[in-house]
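Mind the numbering: the sequence shown is residues 10 to 453 in my numbering, read in order. Every residue gets a Cβ at the ideal spot worked out from N, C-alpha and C, and that includes glycine.
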Amino acid sequence: MKTVITYGTYDMLHHGHIRLLERAKALGDYLIVGVTADDFDKSRGKINVRQPLEERTEAIRRLGIADKIIIEQYEGQKIDDIINYGVDIFTVGSDWEGYFDYLKEYCDVVYLPRTVGISSTEIREKDCMVELGLVGDSGYLHKIINESQYVNGLKLSGVCTKKPEKFSGAAELITDSFNELLDSSNAIYVHALPEKHYELVKKAVLAGKHVLCESPIALSKAQCGELFDLADKNGVILTDALRTAYSTAYHRLLLVIKSGCIGDIISVDSVCTSLKDHTDLQKKDLSSLWNSITAWGPTAMLPIFQLLGTDFVHKDLTSHYIDETSRFDIFNKAAFYYPKAVASMKVGNGVKSESELIISGTKGYVYVPAPWWKTDYFEVRYENPADNKRYFYQLDGEGIRNELATFVKSVERGQNDFSIGRNVSLKISEVMENFAADTDVRVI
Ligand code: CTP
Numbered sequence: 010m011k012t013v014i015t016y017g018t019y020d021m022l023h024h025g026h027i028r029l030l031e032r033a034k035a036l037g038d039y040l041i042v043g044v045t046a047d048d049f050d051k052s053r054g055k056i057n058v059r060q061p062l063e064e065r066t067e068a069i070r071r072l073g074i075a076d077k078i079i080i081e082q083y084e085g086q087k088i089d090d091i092i093n094y095g096v097d098i099f100t101v102g103s104d105w106e107g108y109f110d111y112l113k114e115y116c117d118v119v120y121l122p123r124t125v126g127i128s129s130t131e132i133r134e135k136d137c138m139v140e141l142g143l144v145g146d147s148g149y150l151h152k153i154i155n156e157s158q159y160v161n162g163l164k165l166s167g168v169c170t171k172k173p174e175k176f177s178g179a180a181e182l183i184t185d186s187f188n189e190l191l192d193s194s195n196a197i198y199v200h201a202l203p204e205k206h207y208e209l210v211k212k213a214v215l216a217g218k219h220v221l222c223e224s225p226i227a228l229s230k231a232q233c234g235e236l237f238d239l240a241d242k243n244g245v246i247l248t249d250a251l252r253t254a255y256s257t258a259y260h261r262l263l264l265v266i267k268s269g270c271i272g273d274i275i276s277v278d279s280v281c282t283s284l285k286d287h288t289d290l291q292k293k294d295l296s297s298l299w300n301s302i303t304a305w306g307p308t309a310m311l312p313i314f315q316l317l318g319t320d321f322v323h324k325d326l327t328s329h330y331i332d333e334t335s336r337f338d339i340f341n342k343a344a345f346y347y348p349k350a351v352a353s354m355k356v357g358n359g360v361k362s363e364s365e366l367i368i369s370g371t372k373g374y375v376y377v378p379a380p381w382w383k384t385d386y387f388e389v390r391y392e393n394p395a396d397n398k399r400y401f402y403q404l405d406g407e408g409i410r411n412e413l414a415t416f417v418k419s420v421e422r423g424q425n426d427f428s429i430g431r432n433v434s435l436k437i438s439e440v441m442e443n444f445a446a447d448t449d450v451r452v453i
């Protein structure tokens with residue numbers, strides 16, 4: 010008996026897949042089909058797969074061509090499978106020509122001609138759900154422009170900016186009119202200065218546009234709440250753009266900790282800093298810059314609020330301003346006191362420190378090295394170093410790619426699939442409000 014094996018994602022099953030499977034089966038007597046697991050797809054850069062593993066597997070089962078279906082979960086698994094199942098022929102489409110020649114050591118390798126004119130990518134692209142307009146002047150928007158190319162179902166509609174020279178050629182529409190951008194988009198990404206967020210988000214939401222807004226969404230809790238209410242009334246998605254929340258390593262870190270591996274959480278210490286030239290800063294128009302609390306506060310508070318919740322009983326904040334006259338803070342250190350835990354955040358935009366994240370528990374601690382907000386790695390450490398565990402996850406586009414893909418999915422399903430809860434967004438806005446009002450703030 011000749012055993013044949015083939016692998017694929019089989020997202021939105023199409024006739025290209027079916028023809029491949031029929032020909033694969035005809036190569037022998039028994040066909041094994043490997044369907045890639047969601048995580049494995051993500052780790053190899055396929056982040057837009059529409060159907061979950063169960064649906065994709067069920068579609069293959071219903072076809073009735075496969076004699077056995079297996080799940081592909083890890084790099085190198087093909088070799089294991091070929092040996093374990095006594096496979097005679099490995100086959101895939103000719104788009105992989107040459108790529109799997111290393112398997113010739115274990116079995117025959119056959120590349121079957123790919124069916125022209127159809128692919129899962131094309132099907133996903135056809136129903137483009139999101140026409141995303143960007144607003145802001147920061148060079149950071151180039152990262153969004155770049156990452157948007159990797160996300161199916163999303164098309165860049167334009168950029169609204171006061172600095173058109175920075176974005177020439179980046180999109181078809183470059184305008185200084187927000188109304189014009191709204192007219193040509195069904196979703197908006199806001200990366201303007203924080204004091205402009207409320208006004209821009211409100212306008213977009215009232216115009217029926219979905220919004221991804223760089224955190225903080227607003228500079229007061231009431232305004233943030235009002236925007237969420239308006240979004241619900243207008244049936245649109247509104248959420249913080251906080252790329253760290255979408256990095257696989259960060260997401261896994263939350264799950265690992267919540268599963269109890271370090272016991273009860275007693276302390277979360279989060280540091281986010283970047284260095285700016287001090288004299289250079291003093292010469293600049295400070296009103297056009299993000300201060301340390303708005304630039305880094307939301308990211309630093311994210312793990313604190315996601316792990317300990319937002320019901321702290323007291324907080325205090327120590328701020329350092331660039332000089333006596335301006336209120337431009339370049340450094341803040343805050344403590345959040347919970348009934349049975351304490352957290353600290355240290356943020357600097359002009360003051361540098363080791364930007365790590367440490368979560369201390371009664372059984373051990375988690376260490377995320379600097380810069381923790383774009384890490385692909387963390388460690389769970391115990392008293393006995395032999396028990397330590399290290400975790401690596403591929404980080405694509407600093408988390409932006411997953412953030413955009415999640416946004417598209419949310420728009421498509423009409424429900425918020427974001428991992429940042431509204432309580433977190435509201436609390437972040439409240440801390441910004443307290444900072445501006447000098448509530449519980451000590452200046453040094
Ligand atoms: N395949 C094919 N003809 C097509 C599309 C896919 O023969 N038009 C084959 C691939 O070569 C592979 C199998 O079907 O052997 C599963 O491919 P998969 O990557 O799941 O499908 P694609 O449509 O290529 O997906 P994507 O666009 O996401 O890459």
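ask   = In three-state terms, what does DSSP make of Leu435?
value = helix
inquiry  = Whole angstroms are fine: how far does the CA of Asp47 sit from the CA of Asn425?
reply    = 20 angstroms
Through-space distance from Val144 to Gly162, alpha-carbon basis = 20 angstroms
query = Candidates Tyr16, Thr384, Leu228: which alpha carbon is nearest Tyr83's?
reply = Tyr16
ask   = On the three-state DSSP scale, how would you describe Arg422?
value = helix
ask   = Which residue's Cα is closest to the Cα of Ser229: Glu204, Ala216, Phe321, Thr12?
value = Glu204
ask   = Taking 7 angstroms as the cut-off, is the CB of Ile127 close to at least one heavy atom of the ligand CTP?
value = yes
query = Considering only C-alpha positions, which residue in the set Asp146, Thr170, Thr130, Pro173 is nearest to Tyr159?
reply = Thr130
request  = Provide the residue span of the beta strand (DSSP E) that contains Thr130, from first to last.
outcome  = Taken as a continuous stretch (DSSP letters only), Thr130 belongs to no beta strand (DSSP E), being part of the alpha helix (DSSP H) at 129-135.
inquiry  = As a quick exercise: from Ala258, Leu22, Ala35, pick the residue whose alpha carbon is nearest that of Tyr402.
reply    = Ala258
task = Following the continuous alpha helix (DSSP H) through Ile92, name the residue where it begins and the one where it ends.
result = 86-93
query = Can you list the alpha helix (DSSP H) stretches of 4 or more residues lying completely in the region 251-338, in chain order?
reply = 257-267, 287-292, 301-317
request  = From the DSSP output, read off the bridge partner residues of Val417.
outcome  = DSSP, once it has assigned bridges, lists no residue as partnering Val417.
query = Rounded to a whole number of angstroms, what is the C-alpha to C-alpha distance between Leu215 and Asn243?
reply = 7 angstroms
ask   = Do His24 and Thr170 have their C-beta atoms closer together than 8 angstroms?
value = no
ask   = Roughly how many whole angstroms lie between the Cα atoms of Asn300 and Tyr19?
value = 47 angstroms
Gly318 versus Val433 - alpha carbon distance = 8 angstroms
Per-residue DSSP class, three states only, for Leu62 = helix
query = First and last residue of the alpha helix (DSSP H) that includes Phe237?
reply = 230-242
ask   = Thr384: which of Ser194, Gly178, Leu262 sits nearest, CA to CA?
value = Leu262
query = First and last residue of the alpha helix (DSSP H) that includes Asp192?
reply = 187-192
key: Own chain, CB closer than 7 angstroms to Asp449, minus 5 neighbours either side, in chain order   = Lys324, Asp325, Leu326, Asn443
inquiry  = Less than 8 angstroms between the beta carbons of Ala343 and Ser353, yes or no?
reply    = yes
inquiry  = I'd like to confirm something about Gly17: is its beta-carbon nearer than 7 angstroms to some heavy atom of the ligand CTP, or not?
reply    = yes
Reduced DSSP secondary structure (H/G/I, E/B, other) of Ala201 = coil
request  = Put Asp50 into one of helix, strand or coil per three-state DSSP.
outcome  = helix
message = Under DSSP, the beta strand (DSSP E) around Glu388 begins and ends at which residues?
response = 386-390
ask   = What do you get for Pro394, buried or exposed, if any count of 16 or more other CB atoms within 10 angstroms of its CB means buried?
value = exposed
query = Could you check where the beta strand (DSSP E) with Ala352 kicks off and where it finishes?
reply = 350-358
request  = Kindly list the residues whose CB is nearer than 6 angstroms to the CB of Leu284, restricted to its own chain and excluding five residues on each side of it in sequence; keep chain order.
outcome  = Lys361
ask   = Could you give the residue range of the alpha helix (DSSP H) that holds Arg32?
value = 24-35
ask   = So, using beta-carbon positions, are Leu165 and Ser157 closer together than 8 angstroms?
value = yes
key: Spatial neighbours of Asp50 in its chain, beta-carbon cut-off 7 angstroms, leaving aside the 5 residues before and after   = Thr18, Val58
query = beta strand (DSSP E) containing Lys77: first to last residue?
reply = 77-81
task = Would you mind working out which of Glu64, Gly373, Met138, Ile14 sits nearest Ile41, comparing C-alpha positions?
result = Ile14
ask   = Between Thr130 and the ligand CTP, is the CB less than 7 angstroms from at least one heavy atom?
value = yes
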